[in-house]
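Asks: Pasting a structure below so you can have a look.
Residue numbers (this note's numbering): 28 to 393.
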């Protein structure tokens with residue numbers, strides 16, 4: 028089984044490059060979207076969050092490939108991205124017509140939830156600049172061949188945005204592999220995104236083509252079943268509460284069909300309430316399974332982005348520490364920490380992640 032061998036950092040401008048849509052998140056805080064009179068503004072996106080986590084928490088050189096309509100909202104999101112330390116030079120800017128008839132920027136209203144009231148997301152992302160990206164729009168040969176990238180991360184949310192974005196992912200992953208860049212992909216199945224053009228059948232067609240170029244595949248049981256068609260015997264209805272045996276069975280099937288997978292990973296979340304979850308993670312790397320410390324009854328402030336922060340910690344462990352056992356622990360710890368703060372993106376430090384990995388508690392640091 029071939030091992031992950033990232034390109035030398037000295038030969039690359041970017042340690043991590045993410046491809047995906049970035050939206051403006053509008054957060055009513057402790058209240059409800061339907062009754063809010065003010066919102067906190069953040070940026071967020073499933074693929075972007077991973078690059079930002081690797082930059083802010085883990086100190087890696089990060090960039091993002093996305094597209095914005097060139098107006099005040101697009102410039103606001105660029106400013107948020109710059110504050111996160113992520114390079115914006117590869118963003119594609121599209122002319123704005125003044126009203127958003129031809130192109131616009133995405134909005135994502137998000138309630139955190141509390142107790143028995145679950146989190147609620149209300150996205151407004153139709154006809155966005157990122158969803159209009161198509162194969163040929165981005166000069167991937169320049170990015171991977173001239174600039175150099177150690178690791179590309181993208182995912183199923185961006186692939187499902189439109190009839191053209193899946194082809195963008197395939198093009199990027201194919202050229203990344205040509206130039207020796209490691210490719211990770213988070214399946215992130217969202218039925219609401221796929222139903223507009225082909226549904227589950229199209230979802231599987233696109234994702235199974237993308238999977239041919241992926242080194243590190245991330246997803247839970249529902250993701251692997253919906254996106255890649257791997258049915259698991261004895262799976263229960265709560266697909267987010269993944270059993271270890273089901274994951275092992277699923278990965279055995281996946282690796283047999285896609286021998287290019289060098290690593291896979293999943294979070295294991297048992298949802299008790301919006302603010303109390305059981306939390307852990309498991310991975311398969313180079314033929315071996317590894318499980319993180321289990322954290323029952325983890326208290327959560329904001330669960331959005333927890334899986335993305337897991338992915339960034341896991342990638343750090345594989346790319347920098349080059350240790351699968353540490354990778355799953357760093358991923359699980361970083362995801363747990365990210366869910367203790369508001370917003371999609373991490374506010375954790377590497378020192379805090381290492382403290383949690385070492386088993387420290389929540390005593391006051393003075």
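Just so it is clear, CB atoms sit at the ideal spot from N, CA and C, and this is done for glycine as well.
Take residue 38 and list the residues in its own chain whose beta-carbon comes closer than 8 Å to its own, dropping the five residues that flank it on each side.
Replies: 175
Asks: Please go through the segment 244 to 309 and give each complete alpha helix (DSSP H) segment of 4 or more residues, from N-terminal end onward.
Replies: 248 to 255, 271 to 284
Asks: Have a look at residue 278 and residue 233 and give me their C-alpha separation to the nearest angstrom.
Replies: Pairing residue 278 with residue 233, the inter-Cα distance amounts to about 19 Å.
Asks: Would you identify the three-state DSSP class for residue 382, choosing helix, strand or coil?
Replies: Residue 382 falls in the helix class under three-state DSSP.
Asks: According to DSSP, which residues form a beta bridge with residue 179?
Replies: 44, 210
Asks: Would you call residue 346 buried or exposed, if buried means 16 or more other Cβ atoms sit within 10 Å of its Cβ?
Replies: Per the 10 Å Cβ criterion, buried.
Asks: Could you tell me how far apart the beta carbons of residue 328 and residue 367 are, in whole angstroms, since I believe they sit closer than 8 Å?
Replies: 5 Å between Cβ atoms; contact.
Asks: Could you spell out where the alpha helix (DSSP H) holding residue 196 opens and where it closes?
Replies: 192 to 205
Asks: By the three-class DSSP mapping on this structure, what secondary structure does residue 66 have?
Replies: coil
Asks: Name the two residues that bound the continuous beta strand (DSSP E) containing residue 354.
Replies: Here residue 354 belongs to no beta strand (DSSP E); instead the alpha helix (DSSP H) covers 351 to 365.
Asks: Using 8 Å as the threshold, is the segment 194 to 210 in touch with the segment 66 to 83, meaning 3 or more CB pairs across them?
Replies: no
Asks: Near residue 341, what residues of its chain come up, given a Cβ to Cβ distance below 6 Å and the 5 sequence neighbours on each side ignored?
Replies: Exclusion of the five residues before and after residue 341 leaves 292, 354, 358 as the residues of its chain whose Cβ lies within less than 6 Å of its Cβ.
Asks: Do the segment 108 to 120 and the segment 298 to 312 make contact, defined as three or more Cβ pairs closer than 8 Å?
Replies: no
Asks: Please report how far the alpha carbon of residue 290 lies from the alpha carbon of residue 124, in whole angstroms.
Replies: 44 Å
Asks: Out of 190, 302, 224, 272, point me to the one whose CA is closest to residue 318's CA.
Replies: 272
Asks: Label residue 33 either buried or exposed according to how many other C-beta atoms from any shown protein chain fall within 10 Å of its C-beta, with 16 as the threshold for buried.
Replies: buried
Asks: In terms of residues, what are the limits of the alpha helix (DSSP H) holding residue 135?
Replies: First-last for residue 135: 134 to 138, but that is the beta strand (DSSP E), not the alpha helix (DSSP H).
Asks: Once DSSP output is grouped into helix, strand and coil, what is the label at residue 343?
Replies: helix
Asks: I'd like to know whether the C-beta atoms of residue 285 and residue 222 end up nearer to each other than 8 Å.
Replies: Contact annotation: residue 285 and residue 222 have beta-carbon atoms that are not nearer than 8 Å.
Asks: So if DSSP puts residue 91 in a beta bridge, which residue, or which two residues, is it bridged to?
Replies: DSSP output for residue 91 lists 45 as bridge partner(s).
Asks: Could I get the ranges of all uninterrupted beta strand (DSSP E) runs contained in the segment 113 to 161, with 3 residues as the minimum, in chain order?
Replies: Every beta strand (DSSP E) of 3 residues or more that sits fully in the segment 113 to 161 is shown, in chain order, as 119 to 121, 134 to 138, 147 to 151.
Asks: Between which residues of its own chain and residue 105 is the CB-CB distance below 6 Å, once the five residues before and five after are set aside?
Replies: 115
Asks: Starting from the C-beta of residue 326, find all residues in its chain whose C-beta is less than 7 Å away, skip the five residues before and the five after it, and write them out in chain order.
Replies: 302, 303
Asks: Who does residue 331 pair with in a DSSP beta bridge?
Replies: None; residue 331 has no bridge partner.
Asks: Rounded to a whole number of angstroms, what is the C-alpha to C-alpha distance between residue 91 and residue 59?
Replies: 31 Å
Asks: Look up residue 373 in the DSSP assignment and say whether it is helix, strand or coil.
Replies: DSSP places residue 373 in coil when its eight states are reduced to three.
Asks: Give the DSSP-derived three-state secondary structure of residue 218 in the structure shown.
Replies: helix
Asks: Contact between the segment 136 to 156 and the segment 190 to 197: three or more CB pairs below 8 Å?
Replies: no
Asks: In the DSSP assignment, what residue or residues form a beta bridge with residue 312?
Replies: 290, 315
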